[in-house]
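A.B. asks: FYI, in the working numbering the residues of the sequence shown are 11 to 147.
Take this structure first; my questions come after.
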Amino acid sequence: MEGKVKQTKAQKFREKATDEQWKEMVADHEKLSNDEFKAKYEFTWGAIMNDAVARGFYTKKKNVGDQASRSKSYDNKSRKDFIVDDIPKGTKKKQRSIELYEDIAARLNNLRNDKCQYTFASILNQLLDEALKKYGY
11 MEGKVKQTKA
21 QKFREKATDE
31 QWKEMVADHE
41 KLSNDEFKAK
51 YEFTWGAIMN
61 DAVARGFYTK
71 KKNVGDQASR
81 SKSYDNKSRK
91 DFIVDDIPKG
101 TKKKQRSIEL
111 YEDIAARLNN
121 LRNDKCQYTF
131 ASILNQLLDE
141 ALKKYGY
């Protein structure tokens with residue numbers, strides 16, 4: 011089973027879409043809301059954005075204003091290995107609903123896609139744990 015790619019809707023699009031379909035999808039990303047985009051394509055923009063960039067159909071926009079101070083452009087050399095620590099037995103979970111800035115949500119989604127062996131909750135908990143420790147909490 012090694013080497014077999016999971017056949018998600020995004021993967022099927024990657025494999026079968028024509029140049030025109032890629033262009034239409036990128037245009038739809040620009041004009042549709044996130045929910046409308048997901049309803050039409052059955053996957054999120056974050057799940058396919060890097061493929062659109064790699065194929066030359068999309069150029070990532072640089073952040074301006076407050077987003078630029080929050081979001082730095084990192085190259086692959088500056089990335090560190092991301093590993094989720096084991097969770098102690100008996101740790102209780104608490105459900106939360108939060109709002110994220112779009113650029114942070116996109117970066118988080120890219121991390122989730124790159125580290126699909128981890129659950130989304132475990133990724134968020136690891137990131138928050140590291141940030142809280144960094145600031146003494």
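For every residue, glycine included, the Cβ atom is placed at its ideal position computed from N, Cα and C.
All figures in this text were calculated on a predicted structure; none of them were measured in a lab.
#1: Determine, using beta-carbon pairs with one atom in the stretch 47-57 and one in the stretch 15-30, whether at least three such pairs fall under 8 Å.
#2: Kindly provide the ranges of any alpha helix (DSSP H) runs that are 4 or more residues long and lie completely inside the stretch 87-143, ordered along the chain.
#3: To the nearest angstrom, report how far apart Lys103 and Glu109 are at their CA atoms.
#4: Have a look at Asp38 and Ile133 and give me their C-alpha separation to the nearest angstrom.
#5: For Phe47, does the count of other Cβ atoms within 10 angstroms reach 16, so buried, or fall short, so exposed?
#6: Just to confirm, is the Cβ distance from Phe67 to Val36 under 7 Å?
C.D. replies: Per the coordinate set shown:
#1: Taking a cut-off of 8 Å for Cβ pairs, the stretch 47-57 and the stretch 15-30 touch, as three or more such pairs fall below it.
#2: Listed in chain order, the alpha helix (DSSP H) elements of length 4 or more contained wholly in the stretch 87-143 are 112-124.
#3: Here residue 103 corresponds to residue number 93 of the sequence shown, with the count starting at 1. Here residue 109 corresponds to residue number 99 of the sequence shown, with the count starting at 1. Roughly 19 Å between the two C-alpha positions.
#4: What you label residue 38 is simply residue 28 of the sequence shown in a count that begins at 1. What you label residue 133 is simply residue 123 of the sequence shown in a count that begins at 1. For Asp38 and Ile133, the distance between alpha carbons rounds to 29 Å.
#5: The residue labelled residue 47 in the question sits at position 37 within the sequence shown. Counting every other CB atom within 10 Å of its CB across the protein chains shown gives Phe47 a total of 16 or more, marking it as buried.
#6: The residue you call residue 67 lines up with position 57 of the sequence shown. The residue you call residue 36 lines up with position 26 of the sequence shown. Closer than 7 Å, so yes.
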